[in-house]
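Q: Order-wise, the sequence lines are chains A and X. In terms of full-length UniProt numbering, the first sequence is residues 1 to 172. In terms of full-length UniProt numbering, the second sequence is residues 1 to 172. Just so it is clear, CB atoms sit at the ideal spot from N, CA and C, and this is done for glycine as well. Sharing a structure with you now.
2 protein chains.
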Amino acid sequence: MTDEHQPLADKPRPHSDQKTRLKLPQFLPYRLATLSNRISRTIAALYSERFHLSIPEWRIMAILGDETDLSASEVAERTAMDKVAVSRAVSRLLAKGRLERHFSSTDRRRSVLALSPDGRAIYREIMPLALSYEAHLLAHLSGEEQAALDHLLQRLESLDLEMIKTPQHNQS
Amino acid sequence: MTDEHQPLADKPRPHSDQKTRLKLPQFLPYRLATLSNRISRTIAALYSERFHLSIPEWRIMAILGDETDLSASEVAERTAMDKVAVSRAVSRLLAKGRLERHFSSTDRRRSVLALSPDGRAIYREIMPLALSYEAHLLAHLSGEEQAALDHLLQRLESLDLEMIKTPQHNQS
DNA sequence: CTTATTTAGTTACATATGTAACCAATAAAA
DNA sequence: TTTTATTGGTTACATATGTAACTAAATAAG
Chain A
1 MTDEHQPLAD
11 KPRPHSDQKT
21 RLKLPQFLPY
31 RLATLSNRIS
41 RTIAALYSER
51 FHLSIPEWRI
61 MAILGDETDL
71 SASEVAERTA
81 MDKVAVSRAV
91 SRLLAKGRLE
101 RHFSSTDRRR
111 SVLALSPDGR
121 AIYREIMPLA
131 LSYEAHLLAH
141 LSGEEQAALD
151 HLLQRLESLD
161 LEMIKTPQHN
171 QS
Chain X
1 MTDEHQPLAD
11 KPRPHSDQKT
21 RLKLPQFLPY
31 RLATLSNRIS
41 RTIAALYSER
51 FHLSIPEWRI
61 MAILGDETDL
71 SASEVAERTA
81 MDKVAVSRAV
91 SRLLAKGRLE
101 RHFSSTDRRR
111 SVLALSPDGR
121 AIYREIMPLA
131 LSYEAHLLAH
141 LSGEEQAALD
151 HLLQRLESLD
161 LEMIKTPQHN
171 QS
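Shown next, in the form of structure tokens:
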């Protein structure tokens, strides 16, 4: 694949053959990032302007619609957001009246978050949109493809992605 | 945890059964987004502080390392970044001396971008890191899994993700 | 030509995000 | 207990990003 039919004495380029080149469109991290971005934007378009919700805000509502009375740090865990992002999104949601917050009586630092009636109503409107969008996406894949996708995501999610030890190179 | 093994006549919750709930950790767009983020951050850690490069900056260098003398808009196309992001990253790269720019003689609006010698040197350092990280990731997958992954990405990339027509709902 | 239109890129402004510093409450040590 | 460390969350600051408005060059129309 590297050299289609490369005439013998005529190298494509002296300094960089296919093996040492990085082809962005075939680079896995790049592909995942662009695909995921396109999907996220598309789905955000389903609710962002209609409900004035940002992606992190919706994530929090989505979690609290499913499991109620979580603390901010529990929300952070489950949404894979960091605590600062959660804090900010929560305060916006509180300001908009979509969330209710009180604090644990046993630990007065710990917040207890839940959707407000208003938030629940919005949740019930958006959630089917989100699910049907996902269904719409998956509908383009066969059963086996769907299974394979799920399997691969599980595999990749389970990797710890641990850093490769940087080839020693103390040139800093 | 709510009700482990639910006795027959005892509905889990009147208002939301599994079918109408959104389980974030199983929601495809969410899974893609978090996976891709983890990978991007990990890989960015390989070069960001060592070479003082942001992700968009590296993307541009990666493209120009592969194909030289592109215009800003061609870079934008190939990196899937928008032209504003490209403009900003390009000006940072110029400032750091990693890029050279001149303008087309036939169309004086059109920029012609290329890595500077310095940029090329950096490219040659980073690129193997990026590739070996990818290899490291893929090494955890079997040959079939890798093929399936590539196939699925191609499938998903080819979808136009077109918006589902919003169920009419003029409540704005 | 002279005036629209389109195209390439940049700039402005408002908002979002990340990192680190911070405050308050709890838990652990001394 | 008083001191010290840890944990839950928020705030500040610097940087990044998105959208829209804008400049300049090139085309197309009149």
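Indicate whether at least one CB of chain X lies closer than 8 Å to the CB of E74/A.
A: Position 74 of the first sequence holds residue 74/A. Chain X contact via Cβ: absent.
Q: Please identify the residue among S71/X, Q26/X, M61/X whose C-alpha is closest to the C-alpha of R108/X.
A: The count along the second sequence starts at 1 and reaches residue 108/X at position 108. Cα-wise, what sits closest to R108/X is S71/X.
Q: Of all the options D82/X, S142/X, S116/X, which has the alpha carbon lying nearest to the alpha carbon of R155/A?
A: Here the question's residue 155/A lines up with position 155 in the first sequence. Cα-wise, what sits closest to R155/A is S142/X.
Q: In this structure, does DSSP put S36/X in helix, strand or coil?
A: For the purposes of this step, residue 36/X is taken as residue 36 along the second sequence, with counting starting at 1. Residue state, collapsed to three classes: helix.
Q: Please go through the same chain and pick out, in chain order, the residues whose beta-carbon is closer than 7 Å to the beta-carbon of D82/A, but skip the five residues on each side of it.
A: Here residue 82/A refers to the residue found at position 82 when the first sequence is read from its first residue. Answer for D82/A: A76, listed in chain order.
Q: Just the chain A side, please: which residues come within less than 7 Å of residue 177/X by C-beta, in chain order?
A: In the structure displayed, chain X extends from 1 to 172; residue 177/X sits before or after that span and is not available.
Q: Is there at least one Cβ from chain X nearer than 8 Å to F51/A's Cβ?
A: Working through the first sequence from its first residue, we reach residue 51/A at position 51. Not one chain X Cβ lies under 8 Å of F51/A.
Q: Applying the 10 Å Cβ sphere with the 16-neighbour rule, what's the burial state of R59/X?
A: As a position in the second sequence, residue 59/X is number 59, starting the count at 1. It is buried - the Cβ of R59/X has at least 16 other Cβ atoms within 10 Å.
Q: Going along chain A in order, which residues have a C-beta closer than 9 Å to the C-beta of E145/X?
A: Translated into positions along the second sequence, residue 145/X becomes position 145. Here the neighbours are A148, H151, L152, R155.
Q: Just the C-alpha distance for G65/A and A135/X, rounded to the nearest angstrom, thanks.
A: If you number the first sequence from 1, residue 65/A lands on position 65. If you number the second sequence from 1, residue 135/X lands on position 135. Each residue's alpha carbon lies about 39 Å from the other.
Q: If the cut-off is 9 Å on Cβ atoms, which residues from the stretch 95-123 of chain A count as contacting chain X, listed in chain order?
A: Cβ contacts with chain X come from R120, Y123.
Q: Assuming contact is defined by CB atoms lying nearer than 8 Å, are I152/X and E145/A in contact in what I supplied?
A: The residue labelled residue 152/X in the question sits at position 152 within the second sequence. The residue labelled residue 145/A in the question sits at position 145 within the first sequence. Contrary to the premise, residue 152/X reads as Leu rather than Ile in this sequence. Cβ atoms of L152/X and E145/A: closer than 8 Å.
Q: My output table needs one value for S16/A: the three-state DSSP class, helix, strand or coil.
A: Counting from 1 along the first sequence, the entry for residue 16/A is found at position 16. Here the model assigns S16/A a pLDDT of 47, short of 50, so the residue's position is not dependable, and the following value carries that caveat. It is coil, neither helix nor strand.
Q: The alpha helix (DSSP H) that contains S132/A, what's its start and end?
A: By one-based count along the first sequence, residue 132/A stands at place 132. Taken as a continuous stretch (DSSP letters only), the alpha helix (DSSP H) holding S132/A covers 117-138.
Q: By the 10 Å Cβ neighbour count, where 16 or more other Cβ atoms means buried, how is V84/X classified, buried or exposed?
A: In the second sequence, counting from the first residue as 1, residue 84/X sits at position 84. It is exposed - the Cβ of V84/X has fewer than 16 other Cβ atoms within 10 Å.
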